[in-house]
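Structure, as structure tokens:
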Amino acid sequence: MKNFKNKVAAITGAGSGMGQQLAVLLAKAGCHLSISDVNEKGLAETVELVKPYNVRVTTKKVNVAKQEEMKAWAEETVQNHGSVNMIFNNAGVALGATVEGESYEELEWIVGINFWGVVYGTKEFLPYIKKTGDGHIINTSSIFGLTAQPTQSGYNATKFAVRGFTESLRQELDIEKCGVSALCVHPGGIRTNIANDARMNDSLKSLGMNPDKSAKAFNKLLRKPAVEAAQEILDAVIADKRRLLIGGDAVIVDLAQRLLPTGYQKLATGLTKLTKRFEPK
């Protein structure tokens, strides 16, 4: 893909954060949009932001964890726009809990959105994207898809899964030479609502952490503006990169994993203990 002019992009989680900024930047580039979110108010805000640009925009409330909803959205996208070139599987949630303390329901919730949402978005849109002969699948993992962290087992599991799923997909598309490619995105601390919306389990108390304050402490680590992250993603699509690390923290985490493939765990444990000292009083 050389440019976004007159292409059609589908974006999950487009009501805020990176998804919203991707929509704005794509609209500026002349790309038509099919955007979804569970937050209809956020979707309406995104529509207002892209109004100055002469592109077609359709919206739909979609729970990415529901395969039937993703299937219907993909079908409607093609019906409304004639085709679709890209799917940005961007929607995601966070969960803070210990392995022992997190419930099966919580695990099913985060896996449904973070992993199955990516799977459904990829599989439901891929056949349509292939028909264009000029497309891209962009799946959002995390720096927590590179290294594991205490209290993040559910989140780590989903983001590691997204990475493996997307890297395998990219190789298959390379073999097929069908004009479609794939990118796995590993953001670091991006200024979005993910920390504010995270679920914090009382099991954190067993590690000496305050569930009510942990999200606020984590929020302080989210420094990179979402619009900058979105621009880096679009640049990576044009450059046909296989993997994108966003932020200096992502680069450091990747380097730590390479240099200390198991030793980084002791560093993560130490940093978690240190972080407790900076929880809001």
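Heads up: take any position in the sequence shown, counting from 1, add 310, and you land on the working numbering.
Heads up, the beta-carbon is just placed ideally off N, CA and C, and yes, glycines get one too.
Could you tell me the alpha carbon to alpha carbon distance between K312 and L336, rounded to whole angstroms? 13 angstroms
Where does K428 sit, in a helix, a strand or coil, going by DSSP? Residue identity check: residue 428 is Val in the sequence provided, not Lys. In the structure shown, V428 sits in a helix (DSSP, three-state: H, G or I).
Report the option in V563, K576, K551 and Q330 whose CA atom is closest to the CA atom of H446. Of the listed residues, the one whose Cα sits closest to H446 is K551.
Can you confirm whether the segment 509-520 touches the segment 467-486 when touching is taken to mean that 3 or more C-beta pairs between the two stretches lie within less than 8 angstroms? No, they do not touch.
Can you check whether the CB of M380 is closer than 7 angstroms to the CB of A319? no
Contained beta strand (DSSP E) runs [length at least 3] in the segment 423-475, N- to C-terminal order: 445-450
Helix, strand or coil: which one does DSSP assign to M380? helix
Report the start-end ranges of each alpha helix (DSSP H) in the segment 476-516 that is 4 residues or longer and not cut off at the edges. none
Looking only at C-alpha atoms, which of G402, E385, T461 and A540 sits nearest to W419? G402
Can you tell me the Cβ-Cβ gap for T502 and M328, rounded? I've got them flagged as a contact below 8 angstroms. The beta-carbon separation of T502 and M328, rounded to 6 angstroms, stays under the 8 angstroms limit for a contact.
Where does the unbroken alpha helix (DSSP H) through L336 begin, and where does it stop? G327 to K338
Cβ separation of L544 and T461, assumed to be a contact under 8 angstroms, to the nearest whole Å: Approximately 32 angstroms separates the beta-carbon atoms of L544 and T461; this is outside 8 angstroms, ruling out the contact.
Suppose you measure from the CA of I562 to the CA of G392; what does that come to, to the nearest Å? 43 angstroms
Are the beta-carbon atoms belonging to G411 and N349 less than 7 angstroms from one another? no
Using the three-state DSSP reduction, which class does V357 fall into: helix, strand or coil? Looking at V357 - three-state DSSP - the assignment turns out to be helix.
Residue range of the alpha helix (DSSP H) that includes D559: G558 to L569
Validate contact between the segment 331-347 and the segment 359-371 using beta carbons, cut 8 angstroms, 3 pairs: yes
Assuming N449 contacts V472 (C-beta within less than 8 angstroms), just tell me the rounded distance between them. 5 angstroms
Report, in whole angstroms, the separation of the C-beta atoms of G325 and V374, which I expect to be a contact under 8 angstroms. About 12 angstroms separates the two Cβ atoms, so there is no contact after all.
heavy atom of the ligand PLP below 6 angstroms from K315 C-beta: You won't find the ligand PLP in this model; it holds no ligand whatsoever.
Beta-bridge partners of K371, as assigned by DSSP: D347
Range of the contiguous alpha helix (DSSP H) that encloses A546: A536 to I548
The beta strand (DSSP E) that contains V318, what's its start and end? V318 to I321
Can you tell me which of the three DSSP states E573 falls into? It is worth fixing the name first, because residue 573 is Gly in this sequence and not Glu. Secondary structure at G573: coil, using DSSP grouped into helix, strand and coil.
Reduced DSSP secondary structure (H/G/I, E/B, other) of A401: DSSP, reduced to helix, strand and coil, places A401 outside both helices and strands of the structure shown, so it counts as coil.
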